[in-house]
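**Student:**
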Amino acid sequence: STTTSADKDIGISVKFRNVPDCYTEQEILMELMNVASAVSFNFVWVPWQCGVNGGERIALVNFVNGVVAGRTVSRIEGREWSFSPCRRQVCTELAMTHGLGANLRRFAQGASSQPAFASQNT
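Okay, so the sequence shown: first residue is 6 according to this note's numbering, each after it adds one.
#1: With distances taken from CA atoms, which of Leu-105, Asn-108, Phe-68 is nearest Ala-43?
#2: Taking all protein chains shown into account, decide if Leu-99 is buried (16 or more other Cβ within 10 angstroms of its Cβ) or exposed.
#3: Report the rounded CA-to-CA distance for Arg-62 versus Ser-45, giving the unit in angstroms.
#4: Going by C-alpha to C-alpha distance, which of Tyr-28, Leu-65, Trp-86, Gly-104 sits closest to Ile-17?
#5: Suppose you measure from the CA of Ser-79 to the CA of Asp-26; what does that come to, to the nearest Å?
#6: Using DSSP's beta-bridge definition, name the partner residues of Phe-68.
#7: Indicate the three-state DSSP secondary structure (helix, strand or coil) for Gln-114 in the structure shown.
#8: Hey, could you find the ends of the beta strand (DSSP E) Glu-98 is sitting in?
#9: Thinking C-alpha only, which one of Val-49, Glu-85, Cys-91 is nearest Phe-205?
#10: Would you call Glu-85 buried or exposed, if buried means 16 or more other Cβ atoms sit within 10 Å of its Cβ?
#11: Look at the alpha carbon of Ser-87 and the alpha carbon of Glu-36, and state the distance between them as a whole number of angstroms.
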């Protein structure tokens, strides 16, 4: 398959599901760094806190382009989370919001927690 320069310029956000209950933001970043370089993503948001009971645990990651997102997802999808004693598998799906700017705007409109990582370069 071929990719155009336009494809490479579009940030793609992925929702990571099935995150272990007490996974920290640092552990999410370490999981990503095991399969991709730090320049592969520019936004990571873990919208929950350790020890808070509630819904499904997720992490939202914006990758710099679709090629990088696809490569990272193919490397991590179905694997067990590395830093947890539970045997949960990583599940992914496309997020509803894509791109660094759009994610930062969405976050600014009422997110209850800070992003774990957001690039200063837009």
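Virtual Cβ for every residue (Gly too), placed ideally from N, Cα, C.
Predicted model, so just to flag it, every value in this text is computed and none were measured.
**Tutor:** Answer, in terms of the structure:
#1: Phe-68
#2: exposed
#3: 23 Å
#4: Gly-104
#5: 23 Å
#6: Ile-17, Phe-46
#7: coil
#8: 96–99
#9: Because the chain here runs from 6 to 127, residue 205 falls outside it and cannot be looked at.
#10: exposed
#11: 7 Å
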